[in-house]
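Asks:
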Amino acid sequence: MPKTSTGAKPKKRALRLLEALLGFVNYELEGFEHLEKSITYRWESENSARPKLIVETKLRFLAELLQKDNYPGELTKDQIRQALNMMKDFLGILEDNRVQQRGSDIWNFTLALWSKDKTRNIERLDQEWESKRSEKSKQLQPREQPVQLTYSNNLPPAVGKPVFLANRTKELQLLEQMIRQQTPKILLIQAPVGFGRRRLWKKFVEKYSSELEMHCIPISLQVAARKGRRHLLDSVSVRLGSQYFPNLEITEKNYWQKREEFLKYLPEQIDLEDYRNNPYRKQLSHLWTEVTQAFFTDLRQLNQQVVIFLNEFEEANNELQDWMTGDFLLGAIATPRLAVVIAGDSVPQATVEWDDYCENLYLQEIWDVAAWYQYCQERGLHLSREEVEEAVNANKGHPANVANSLKLLAETRQENYEQ
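Just so we're aligned: 318 in this note's numbering is position 318 of the sequence shown, and the numbers increase by one with no gaps anywhere.
(1) Taking DSSP as the reference, what is the three-state secondary structure of residue 25?
(2) Just checking my contact of residue 19 with residue 106 at CB under 8 Å: how many whole Å lie between their CB atoms?
(3) Can you tell me whether residue 186 is buried or exposed, with buried defined as 16 or more other CB within 10 angstroms of its CB?
(4) How would you label residue 99, buried or exposed, when you count the other beta carbons within 10 angstroms and need 16 or more for buried?
(5) What do you get for residue 246, buried or exposed, if any count of 16 or more other CB atoms within 10 angstroms of its CB means buried?
(6) Pick out the complete alpha helix (DSSP H) segments inside the stretch 73-143, 4 residues or longer, and give them in chain order.
(7) Given a cut-off of 7 Å on the beta-carbon distance, is the pair residue 164 and residue 378 in contact?
(8) Excluding the 5 residues preceding and the 5 following residue 96 in the sequence, name in chain order all residues of the same chain whose CB lies nearer than 7 Å to its CB.
(9) Terminal residues of the continuous beta strand (DSSP E) containing residue 43?
(10) For residue 350, I'd like the list of residues in its chain whose CB is within less than 6 Å of its CB, leaving aside the five on either flank, ordered along the chain.
(11) Here's the rule: buried if 16 or more other CB atoms are within 10 angstroms of the residue's CB, otherwise exposed. What is residue 16?
(12) By the three-class DSSP mapping on this structure, what secondary structure does residue 254 have?
(13) Beta-carbon separation of residue 296 and residue 335 under 7 Å?
(14) Could you tell me the boundaries of the alpha helix (DSSP H) in which residue 37 lies?
(15) My parser needs the beta strand (DSSP E) runs of 3 or more residues fully inside the stretch 290-377; what are they?
(16) With DSSP as the reference, identify every bridge partner of residue 236, one or two as the case may be.
Okay, structure coming up:
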């Protein structure tokens, strides 16, 4: 039997299929209303940490769903079948519910997800894929060498999708103030899932990035927790141009070289990750402080307006959180033309060193019916003001739930009109 590939192409197909499927069930895709009877689904344990999505459909309907997504080319039914099987056999997140599997045109399966949020699931699938793919290689290789980034700042432009947002006027004004008046230097946005912290950021970028001539750099702290502190610094240098960060490159190289030396020569009974009175650990901590200082030295010399958006603070591990609230933010407040936004279900407690440069923002429910009515007009949702008010009250102003309810109501009305 030929060996199943777990390389980049199969992973991209699985990610693409999951993204399209979740976009469909979350009403994020337009023009696919005709597939609602062909791709049936329901949620199970949807409010738990591992919600399950149960789907029944045929491969040809999934292929049709993928024909109009944001990616070039189409996936064949065989490629979609392979992607589903990889989710089942390789990742272990898909359970095949069919009694007769061979020769069956109908697929009935359950996806054990990490969230109802599409982006979070895409990130987690990518992580799980790479983790499982590297398990055997990690066992065979003694120590992983740091990956040398070879990117430049010649990145392709982002897809300019319009961002629709109800209200949040004061929040956008505060973000604008950070750039125009250079205060506050640090903004902590606390909001539960569904309250639109990422959408607020995207609207800010859409509205002000060109006008204020700034570089807006979003970074997932969930990914940084997996890849390490280096991911945060390298994400910024890659976006701005690695050639502008020579000091960072030198100090990072020195850090990894010293780390490898410690791993090679220190006694086996000493744990390098143990913080308690570990001289090796203290030396590495000092070296990483030098890396952080070099990063901010290069950034100050570049002298560009930069806004760094660090999302999902609650996903950061202790080491990452301690470094961010210490050396990183201390360097940030001392760097002109740099603003840092930290967002999440929870946010860090301000320390005495940077408390005076920081402001907290708590995203609340949106009860403003007029704002939601304007939102519907901008999105082309033909609903009366009374219908909008009813949806806002029924969902208690919860932004994501109100938006989904309004979209579903408008689509239902359109279907009834066409019939």
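Don't be surprised by glycine CBs; every beta carbon is placed ideally from N, CA and C.
Replies: Quick look at the numbers:
(1) helix
(2) Going by Cβ atoms, the distance from residue 19 to residue 106 rounds to 23 Å, so no, they are not a contact pair.
(3) buried
(4) exposed
(5) exposed
(6) 77-85 and 118-140
(7) yes
(8) 88 and 109
(9) 40-44
(10) 358
(11) buried
(12) helix
(13) yes
(14) Segment: none, residue 37 is in no alpha helix (DSSP H) and carries neither H nor E.
(15) 306-311, 338-344 and 358-362
(16) Bridge partners of residue 236: none, in fact.
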